[in-house]
Each structure stands twice: as structure tokens, then as C-alpha cells.
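A.B. asks: Have a look at this one.
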Amino acid sequence: MLTPAEADLRIGQHLQCLPIESLPLAQAARAVLRENIYAERDQPPFDRVAMDGVALDSQTVSAVSRAFRVQATQAAGDPPLTLAGPEDCIEVMTGAVLPLGCNCVVPVEELELARGQASLAPGARAEPWQNVHRRGSDTRQGALLLSAGVRLRSPEVAIAASAGMARIRVSSQPMLAVISTGNELIEPGEPVLAHQVRRSNAYAIVSALREHGFDRVADDHIQDDRDELRERLRFHLETHDVLVLSGGVSMGRFDLVPAVLEELGVHAIFHKVAQRPGKPLWFGVGPSGTAVFGLPGNPVSTLVCLTRYVLPSLNGSLGQQPLPPERVALGEAVTVNPPLTFFLPVRLEQDDWGRSWAMPAPTNGSGDFTALAGTAGFVELPPGPNTYPKGFVTRLYRWS
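Residues in the sequence shown are numbered from 408 upward in steps of one, following the numbering used here.
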């Protein structure tokens with residue numbers, strides 16, 4: 408069997424990079440950038456007033472000269488005025504251009520304004536460039552602001568807007584199909600018999616995909632009928648970039664998915680990974696390059712494999728730069744039996760010093776999805792020792 412790292416490598420070798428599209432900036436949130444963005448001009452583009460107050464020449468302020476005539480008012484967005492003389496000041500608002508001839512701003516809280524005159528309060532300072540955001544102090548024109556491969560959150564969208572980008576080149580969204588299989592699955596809201604279970608895995612998968620910015624998601628359910636399974640999978644292979652199947656990939660009589668996929672020309676890259684939960688994970692590639700993930704049907708296994716393999720792989724196909732792994736320490740000792748990589752659901756708790764600890768959230772097997780409520784995700788415990796002590800540092804995978 409493959410190790411998780413080997414499975415990562417095999418998936419990465421066969422997943423296609425998605426094409427590029429141009430979107431209006433207002434529609435690009437959560438997309439992955441596919442071009443570098445450079446500063447259109449200096450930022451700030453001018454010497455910018457940082458506080459409401461008066462602008463003046465600091466050299467004209469002395470122990471005996473602390474009152475100035477208010478020559479005019481300059482608001483944000485106004486072209487810069489020019490200071491008339493050493494006995495003058497200009498009232499300015501936050502965000503305004505610093506008037507010509509001025510080199511400092513005295514805040515309104517340190518002034519007495521009356522009858523067209525501004526007097527500095529006792530103790531008020533007037534030093535060169537105080538309360539002035541100097542031109543180019545943040546970024547110089549032509550500097551690299553955003554690199555291709557970043558996911559566009561609100562800060563990145565704001566940066567792109569500041570660079571004058573009305574449209575932006577991003578990765579196209581993949582067409583995804585989430586497919587559950589099994590005669591025992593019943594939709595929420597429908598009558599359920601004692602021998603049936605609710606169709607919950609597909610809802611979890613679709614929800615996780617959308618939480619991570621994947622919106623083009625079809626949802627389908629197929630009974631354990633070989634002919635129906637073949638025709639529906641044929642349709643999805645022809646119309647989608649990635650299939651995510653839940654169930655039907657183990658070794659039972661009705662686990663039909665691997666054989667039917669093979670009939671449809673899907674090349675199996677691997678089946679089974681040395682891990683628990685999620686050992687029966689299946690991955691293959693269709694004739695036209697469609698990636699197919701076959702997730703085990705047990706709910707905990709489904710979510711673990713989705714988070715550990717599917718979501719990172721989809722982000723890679725978008726061209727997203729890999730995020731640095733998040734690491735956390737175990738909050739108590741953990742003992743596991745099989746010599747496999749073990750994925751342990753955890754809650755995060757903080758101690759009085761602000762340190763985060765991963766507290767195990769034991770499940771009653773890989774079908775016990777109710778135990779995942781309130782968990783942050785899971786930690787990956789590599790094979791080796793049976794007991795991992797408190798403080799053992801390992802990688803954390805968050806659900807979202």
C-alpha cells in the first residue's frame with residue numbers, strides 16, 4: 408500500500424492544471440490569481456494627511472509663534488493648496504493631500520480653533536512629517552504586490568483594486584460532481600426505515616467544497632445497480648473535470664465502483680492507502696483526463712479523505728501556492744494500535760499562556776460522525792510508536 412505522502416505524489420502527477428479566465432474584479436473573490444500584479448503608482452501616491460487638524464511648516468512654530476491664520480480648508484480628494492506664508496496654516500482632513508509648503512499636521516485635539524485662527528495647545532508638538540503618511544512609504548511604483556497562485560480574499564481584492572485592475576486573470580472553476588452510491592441511503596426529509604440511513608456524506612462533501620470556494624458542484628445519488636451506475640458515471644465523466652464518489656470502493660459484493668470505472672476506461676492510479684480511517688481510498692483518471700476520487704463510505708473516512716487529499720489537490724489544480732502546514736501539540740498522550748498513519752479528530756483548546764493544544768475527540772469507529780461536532784479537524788500521526796506523548800507536535804488539517 409501507498410503511504411499518504413506517496414498518494415499525494417501520485418495524485419499530483421495526474422491532476423490537470425485548470426485553464427485561465429478573466430473576471431471582473433468584483434466577481435473574483437475566492438478565486439486563485441494566475442498573474443502577477445504590480446503597483447500602478449507609489450502608495451501612498453502623495454504625502455497624505457493622517458489626522459484631521461491643520462497643516463503648516465514646522466519651522467515657523469516656536470515658543471512665541473503658536474497661533475496661525477487658517478488660510479483655507481482642504482478635504483480628501485481636493486487638489487493640493489499652497490501655503491501662503493509663515494503666519495498661515497491650512498485646515499486639513501484625514502486622507503487629504505498635504506498642502507504644498509507644509510511638512511507637518513497638528514491634530515485637531517491639540518488645537519484651539521476660533522475666529523479663523525488655530526492656536527497650538529500647550530505641549531502640542533510640530534515636528535517635520537508628523538501625522539503625514541509619506542509618498543511611497545508603503546510601496547513603490549512597479550513593486551510586486553501579489554504573486555500568481557494566491558487565493559483572493561478581501562485584502563488581496565483591495566490590493567488589486569489599488570493597482571487599477573478592473574479585470575483579473577484567475578483559474579477557471581472546475582466542474583465537480585459529488586456522487587453517492589448505495590440502496591440504503593435516504594434523503595433528509597424523506598421517510599426512513601429502520602434498516603436505512605440518511606444520505607449525509609454528500610451533503611458534507613458539497614458543503615466542504617463550497618466552503619473552500621468551489622461553487623460549480625453537481626450532486627447525484629446512484630443505486631447499487633451496475634447498469635445505472637455505468638450510465639450515470641459515463642455522463643459525469645463526459646461533463647465534469649473531477650468526480651468525488653462516496654461509497655462503493657471497498658471489497659464487498661455491492662462495492663461496484665472500481666469495476667464499473669474500469670469498464671468506462673478510467674485508469675486506476677491506486678486503491679488503498681496505509682492509513683486509518685480511510686484505507687480504501689481510490690483514485691483514477693478518465694480517458695479525457697477527468698480525475699476520479701473514490702472515498703470510503705463511512706462518514707469519518709469520507710471527511711478525512713476529502714480534507715486530506717481532495718481539497719489540497721483541487722487547490723493545486725487551480726495553481727494555488729501551497730500553504731505552510733499548520734502544526735499543533737497533542738494535549739494528552741495518545742495510543743494507537745495499527746502500524747498505519749492515523750488520523751485523529753481533535754478539538755483545539757488554549758491554555759492560560761495562549762498556546763493551542765490538540766485534544767483528542769475519540770470516535771466509535773469511522774462511522775461515528777456525531778463525534779466530529781465541535782472538532783477543528785484532525786491531526787496526522789505517522790506510523791512508528793504506539794504511544795504519542797503529550798506535547799508531540801504534528802500536522803493539523805482543519806475541516807475549513
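Beta carbons: idealized from backbone N, C-alpha and C, even for Gly.
Here the structure is a predicted model, which means the values were calculated and not measured.
Please report the distance separating the alpha-carbon of L718 from that of V707.
C.D. replies: The straight-line gap from Cα to Cα measures roughly 16 Å.
A.B. asks: Is the beta carbon of V477 closer than 8 Å to that of G549?
C.D. replies: The answer is no: Cβ separation not under 8 Å.
A.B. asks: Find the nearest neighbour of E733 within the set A740, W764, T742 and A482, judged by alpha-carbon distance.
C.D. replies: For E733, the nearest C-alpha among the options comes from W764.
A.B. asks: Taking the straight line between their C-alpha atoms, what separation do you get for T697 and D454?
C.D. replies: About 54 Å.
A.B. asks: Less than 8 Å between the CB atoms is what I'm expecting for S653 and N608, so what's the real figure, rounded?
C.D. replies: That belief holds up - the Cβ atoms of S653 and N608 are roughly 4 Å apart, short of 8 Å.
A.B. asks: With S724 and C424 assumed to form a contact (beta carbons below 8 Å), what rounded beta-carbon distance in angstroms separates them?
C.D. replies: Correct: roughly 6 Å between the Cβ atoms.
A.B. asks: Taking the alpha-carbon positions, what's the G798 to A740 distance?
C.D. replies: Their Cα atoms are separated by approximately 8 Å.
A.B. asks: Could you tell me if A470 is buried or exposed, where buried requires 16 or more neighbouring beta carbons within 10 angstroms of its beta carbon?
C.D. replies: A470 should be labelled exposed.
A.B. asks: Just to confirm before moving on: does the CB-CB distance between L409 and V673 stay below 8 Å?
C.D. replies: Cβ distance not < 8 Å, so L409 and V673 don't count as in contact.
A.B. asks: Can you look up T748 in the DSSP assignment and give me helix, strand or coil?
C.D. replies: It is a strand residue.
A.B. asks: On the three-state DSSP scale, how would you describe C712?
C.D. replies: Three-state DSSP puts C712 in a helix.
A.B. asks: Suppose you measure from the CA of P790 to the CA of R802; what does that come to, to the nearest Å?
C.D. replies: Going by the C-alpha atoms only, they are around 14 Å apart.
A.B. asks: Pull up the distance between the alpha-carbon of T742 and that of T794, whole angstroms please.
C.D. replies: Their Cα atoms are separated by approximately 4 Å.
A.B. asks: My guess is that R441 and R574 are in contact by the Cβ rule of under 8 Å, so how many angstroms apart are they, rounded?
C.D. replies: Not quite, the Cβ-Cβ distance comes to about 12 Å (not below 8 Å), so this is no contact.
A.B. asks: Could you name the residues that DSSP lists as bridge partners for H674?
C.D. replies: V692, per the DSSP bridge assignment.
A.B. asks: DSSP puts V499 in a beta bridge; with which residues?
C.D. replies: According to DSSP, V499 bridges with G460 and Q481.
A.B. asks: Given this structure, state the Cα-to-Cα distance separating Y445 from A483, to the nearest angstrom.
C.D. replies: Distance between the alpha carbons of Y445 and A483: 25 Å.
A.B. asks: Given this structure, state the Cα-to-Cα distance separating E756 from M766, to the nearest angstrom.
C.D. replies: If I take the Cα positions, the gap works out to 7 Å.
A.B. asks: Where do the ends of the beta strand (DSSP E) carrying G701 lie?
C.D. replies: Counting along the chain, the beta strand (DSSP E) containing G701 begins and ends at A698 to L702.
A.B. asks: Below 8 Å on the Cβ atoms is my contact criterion, and I expect F776 with V753 to pass it. Report the Cβ-Cβ distance as a whole number of Å.
C.D. replies: Contact flag wrong, Cβ pair sits at about 15 Å.
A.B. asks: Counting C-beta neighbours from all protein chains within 10 Å, is the total for G460 16 or more, i.e. buried, or is it exposed?
C.D. replies: G460 comes out buried.
A.B. asks: Cutting at 8 Å between CB atoms, please list the residues of its own chain near N566, excluding the five before and the five after it.
C.D. replies: Before going on, a small fix: residue 566 reads as Ile here, not Asn. I444, L552 and L553, listed in sequence order.
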